Amino acid sequence: MNKFCLAFRDINRREVPLAGGKGANLGDMVQAGLPVPPGFVITAAAYRRMFESSGLESMVCDCLGLIDREDNQALMEVEHEIRALFQQQSMDPELCVEILEHYHGMGENIPVAVRSSATAEDLVGASFAGQQNTFLNVYGDDNLIHAILDCWSSLFTCQAIYYRYRNGFDDTQVSMAVVVQKMICADKAGVIFTVDPVSRNPYQMVIEGVYGLGEGIVSGAITPDHFKIDRETLEIRFKYIAPKGLMFTKDSVCGCIEIPVPEELKNQPVLNEQELELLVKMANRVEAHFGVPQDIEWGAKADQFYLLQSRPITTL
């Protein structure tokens with residue numbers, strides 16, 4: 004077993020302190036035989052090594068020690084200052100070699116999604132989901148290392164600093180693992196709530212979908228199709244088919260871009276009944292595996308559906 008990087012197959016849900024909430028759940032899903040794109044986790048130990056040995060810990064403490072955390076302007080300024088400090092660091096050579104060995108083991112210069120996986124994320128009573136960054140369609144050694152440093156530095160966004168302050172978490176004790184996952188250049192993508200988070204009806208599942216990458220939903224830039232489905236009978240109880248103007252797709256270089264939805268798809272539902280049934284059954288398997296209601300991200304390419312991540316619904 005490598006010291007700083009672990010394949011999904013070597014991780015399970017009990018290893019949140021090592022792999023973060025996102026990474027630990029992905030490993031658990033792979034071990035359960037669920038359709039998760041391959042990848043690996045750069046563990047929290049790698050972050051701690053970088054944070055402590057580079058002198059970043061003392062520099063970050065100095066930056067945060069004097070600010071009023073109720074002052075939005077001060078928070079924005081300290082975020083800019085701290086994130087610049089991370090980008091000025093050179094990756095530890097031993098760590099860099101191990102990361103790139105795992106990356107090259109996934110294929111030749113393949114695009115990946117680089118996702119933050121904070122060790123306090125998605126714990127009972129504390130949801131850090133969305134507080135840190137994700138970078139899509141990253142490929143090439145230099146771009147990958149840059150994205151990892153950006154993920155680590157996103158522990159210090161103004162929102163994350165304030166959230167920890169209000170919830171009693173120590174800034175220097177919260178660590179960051181990073182998920183590196185094969186990029187699914189999705190034709191359609193979305194989210195599933197295995198229990199309706201609004202009505203809290205345990206028999207009703209909510210599925211949302213957009214054409215292209217799921218970034219449109221996550222960012223709130225695109226209104227998705229919305230379905231409420233009986234999770235046992237598979238009956239569609241409610242549906243809203245959104246008008247479709249834009250979709251996200253991968254850029255020819257790193258990242259993703261907005262493009263117009265093809266004319267013939269603008270008024271078409273993203274998911275047909277058979278696809279909805281498939282997603283309900285997959286989501287039922289995920290919830291049964293974890294034992295609690297789940298917030299799931301999914302993507303589909305050429306009629307193959309994948310689970311990109313799953314976490315507990317913390318608003319019930």
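The sequence shown begins at 4 in our numbering and counts up one residue at a time.
A virtual CB, placed ideally from N, CA and C, is assigned to each residue, including glycine.
Every value quoted in this text rests on a predicted model; they were computed, and no experiment measured them.
Residue i versus residue j - alpha carbon distance
| i | j | result |
| --- | --- | --- |
| residue 90 | residue 73 | 26 Å |
| residue 137 | residue 152 | 12 Å |
| residue 42 | residue 141 | 13 Å |
| residue 299 | residue 274 | 16 Å |
| residue 249 | residue 306 | 21 Å |
| residue 210 | residue 31 | 22 Å |
| residue 319 | residue 198 | 9 Å |
| residue 128 | residue 316 | Low local confidence applies: a pLDDT of 40 at residue 128 is under 50, so the model's placement there is unreliable, with the coordinate-based value given in what follows. Roughly 11 Å between the two C-alpha positions. |
| residue 18 | residue 278 | 33 Å |
| residue 232 | residue 246 | 21 Å |
| residue 67 | residue 169 | 15 Å |
| residue 39 | residue 12 | 11 Å |
| residue 9 | residue 311 | 17 Å |
| residue 308 | residue 102 | 28 Å |
| residue 230 | residue 251 | 21 Å |
| residue 193 | residue 107 | 29 Å |
Burial state of residue i (16 or more Cβ within 10 Å)
| i | result |
| --- | --- |
| residue 243 | exposed |
| residue 85 | buried |
| residue 313 | buried |
| residue 297 | buried |
| residue 27 | buried |
| residue 7 | buried |
| residue 203 | exposed |
| residue 227 | buried |
| residue 241 | exposed |
| residue 283 | buried |
| residue 238 | exposed |
| residue 21 | buried |
| residue 255 | exposed |
| residue 269 | exposed |
| residue 222 | exposed |
Opening and closing residue of the beta strand (DSSP E) in which residue i lies
| i | result |
| --- | --- |
| residue 259 | 259 to 263 |
| residue 234 | Where residue 234 is concerned, there is no enclosing beta strand (DSSP E), given that its DSSP letter is neither H nor E. |
| residue 304 | 297 to 304 |
| residue 118 | 115 to 121 |
| residue 313 | 307 to 315 |
| residue 211 | 207 to 214 |
| residue 42 | 42 to 45 |
Same chain, Cβ closer than 7 Å to residue i, neighbours up to 5 away in sequence not counted
| i | result |
| --- | --- |
| residue 304 | 187, 188, 189, 190 |
| residue 178 | 47, 50, 51, 122 |
| residue 112 | 142, 143 |
| residue 290 | 197, 296, 297 |
| residue 14 | 22, 26, 27, 30, 44 |
| residue 158 | 121, 135, 177, 179 |
Close-in-space but distant-in-sequence residues of the same chain around residue i (CB under 8 Å, 5 per side omitted)
| i | result |
| --- | --- |
| residue 235 | 206 |
| residue 16 | 27, 28, 30, 31, 293 |
| residue 126 | Residue confidence for residue 126 is low, a pLDDT of 42 falling below 50, so the modelled location carries little weight and cannot support an answer. |
Residue range of the unbroken alpha helix (DSSP H) whose run includes residue i
| i | result |
| --- | --- |
| residue 161 | 161 to 170 |
| residue 188 | First-last for residue 188: undefined, no H or E at that position. |
| residue 284 | 276 to 293 |
| residue 148 | 144 to 156 |
Cut-off 6 Å between Cβ atoms - residues of its own chain near residue i, not counting five sequence neighbours on either side
| i | result |
| --- | --- |
| residue 94 | 148 |
| residue 70 | 77, 81 |
| residue 139 | 116, 259 |
The region 153 to 165 contacting the region 256 to 275, beta-carbon criterion three pairs below 8 Å: no
Given 8 Å, three or more beta-carbon pairs between the region 182 to 193 and the region 75 to 91: no
Three or more C-beta pairs below 8 Å linking the region 215 to 230 and the region 52 to 70: no
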